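These notes concern the structure reproduced below.
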Amino acid sequence: MTDLWQEAMDHAVNVARKAGEIVREALQNERKVMCKSTSVDLVTQTDQKVEQLIIASVREKFPSHSFIGEESVADGQPCVLSENPTWIIDPVDGTTNFVHGYPFVAVCIGFAVEKTLEFGVVYSCIEDKMYTARRGKGAFCNGEPLQVSQQKDINQCIIATEFGSNRDPAVVDKIFSNMRNILCLPVHGVRGVGSAALNMCLVAAGSVEAYYEIGIHCWDIAAAAVIVEEAGGVLRDLEGGPMDLMSRRILAANNQTIGERVITEVEVFPAERDDAPSQTK
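For the sequence shown, my numbering begins at 1 and goes up steadily by one.
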């Protein structure tokens with residue numbers, strides 16, 4: 001019997017590799033940069049080209065499926081996670097890294113059915129690392145199994161987070177306050193590679209114990225969320241309870257003990273939900 005979702009995942013891996021080739025080629029050439037919401041919220045022609053490639057390729061093979069793509073939403077498409085099989089795409093996670101040649105850039109493809117994530121593909125293009133996971137079947141990097149860290153002592157942990165693209169002084173103050181709280185627990189260190197998906201993959205690989213952020217989008221985390229869970233990790237909302245893909249908040253941790261400890265130190269600040277009605281015309 002044909003395993004349709006495995007067929008879809010195999011297609012996602014193949015198209016992610018093709019997209020990665022485009023990203024690597026673009027890094028050798030001039031990168032035209034544009035801004036979205038702010039001067040630090042960047043988009044390039046490569047983001048747009050990669051997303052178009054992925055959607056066109058998937059639509060040809062699975063014409064009835066739905067899509068949530070970062071650049072499509074930026075162009076005014078709705079950000080709606082329905083019951084229909086849905087591909088959630090971040091064509092270049094780490095666009096600022098890409099613009100500066102900082103070598104942590106990922107093509108991210110998540111897939112949900114009936115609002116449940118079924119598989120995730122995160123291709124770290126410059127490192128040539130293909131992270132994959134399918135619900136109930138484990139997580140892998142270049143075919144090798146992934147396993148989260150077994151550490152349960154917060155003082156022995158590395159925690160990952162990011163600064164985001166909001167430069168409002170009040171928001172920046174809260175970001176630094178949260179980082180101060182985490183750093184002073186104390187922990188071994190606070191890190192961040194500039195890509196939500198790759199930070200989460202580092203949790204899955206056991207290199208860091210937790211990653212948290214406020215202000216990310218569903219396309220930043222959908223693919224990597226499956227990878228974290230299948231590597232034995234946990235996903236939580238920073239206000240407690242299970243992860244809400246559309247909430248723009250995430251905690252990915254190696255276990256509940258570390259996750260709960262991080263949650264107690266992080267003050268949540270408002271971020272508009274990904275499925276909130278757009279105010280743009």
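Yeah, the Cβ is synthetic: ideal placement off N, Cα and C, and Gly gets one too.
Computed from a prediction, not measured in an experiment: that's the story for all the values here.
Tell me the residue span of the beta strand (DSSP E) that contains residue i.
i    : result
F62  : Per DSSP, F62 belongs to no beta strand (DSSP E) and is neither H nor E.
A276 : Looking at the DSSP string, A276 is not in any beta strand (DSSP E), and its letter there is neither H nor E.
A205 : That residue, A205, is in no beta strand (DSSP E); it is neither H nor E in DSSP.
V234 : V234 to R236
On a CA-only basis, which of the options is nearest residue i? Give me that one, please.
i    : options                   : result
F67  : W219, I227, A276 and M179 : W219
E162 : I250, V23 and E7          : I250
G194 : R17, P63, V58 and V105    : V105
I126 : N142, E114 and Y102       : Y102
L235 : P277, I221, A252 and R261 : A252
E290 : I22, A271 and K49         : Nothing about residue 290 can be reported from this structure: the residues present for the chain run from 1 to 281 only.
F62  : G76, A8 and K152          : A8
K174 : T96, S64 and E267         : E267
T257 : G138, P277, A210 and N199 : A210
A74  : A112, N97, H65 and C35    : C35
D297 : P186, I22 and N178        : This structure cannot speak to residue 297, because the chain is shown only from 1 to 281.
E83  : S64, Y131 and L198        : S64
S124 : D237, I182, V171 and G94  : G94
D275 : Y131, Y212 and G76        : G76
T116 : R273, R248 and P242       : P242
G20  : N97, K129, E60 and A112   : K129
V50  : P78, A12 and C79          : A12
P277 : N181, S177, R180 and C79  : C79
Q282 : I221, K137, Q48 and T96   : Lying before the first or after the last residue shown, residue 282 is absent from the chain, which here runs from 1 to 281.
A112 : Y212, D237, F176 and A222 : A222
D10  : N97, R24, S72 and Y131    : Y131
N97  : R24, L146 and D168        : R24
L146 : N181, G164 and V208       : V208
A196 : R273, S72, G164 and D237  : G164
N178 : Y212, N199 and D168       : Y212
With the cut-off set at 8 angstroms, would you say residue i and residue j are in Cβ contact?
i    : j    : result
G206 : S149 : yes
N214 : F269 : Here the sequence assigns Ile to residue 214, which means Asn is not the residue at that position. In contact: I214 and F269 (Cβ atoms closer than 8 angstroms).
V15  : T46  : no
E114 : R135 : no
V122 : T44  : no
V226 : A133 : yes
V245 : L81  : Val is not the amino acid found at residue 245; the sequence shown has Leu there. Yes.
N29  : Q151 : no
E70  : H217 : yes
G120 : A26  : no
L183 : V172 : no
Output the boundary residues of the alpha helix (DSSP H) element that contains residue i.
i    : result
V73  : E70 to A74
M9   : L4 to L27
R261 : Q256 to E265
V268 : First-last for V268: undefined, no H or E at that position.
V99  : T95 to H100
Residues bridged to residue i by DSSP?
i    : result
G120 : G110 and A133
P306 : What the structure shows of the chain is the stretch from 1 to 281, and residue 306 is not part of that stretch, so it cannot be assessed.
A222 : None; A222 has no bridge partner.
L185 : Looking at the DSSP assignment, L185 forms no beta bridge with any residue, so it has no partner.
A160 : R191 and Y211
I89  : G69 and I109
R249 : I214
P242 : R236
Taking one C-beta from the region 82 to 100 and one from the region 52 to 71 each time, how about it: are there three or more such pairs within less than 8 angstroms?
-> Yes, they touch.
Report yes or no: do three or more beta-carbon pairs, one from the region 3 to 17 and one from the region 108 to 118, lie closer than 8 angstroms?
-> Contact between the region 3 to 17 and the region 108 to 118 is present: 3 or more CB-CB pairs across the two stretches fall below 8 angstroms.
Answer yes if the region 151 to 158 comes into contact with the region 254 to 271, meaning at least three C-beta pairs across the two stretches below 8 angstroms, and no otherwise.
-> Yes, the region 254 to 271 is in contact with the region 151 to 158.
Within the chosen definition, does the region 224 to 233 reach the region 194 to 204 through at least 3 CB pairs nearer than 8 angstroms?
-> Short answer: they touch.
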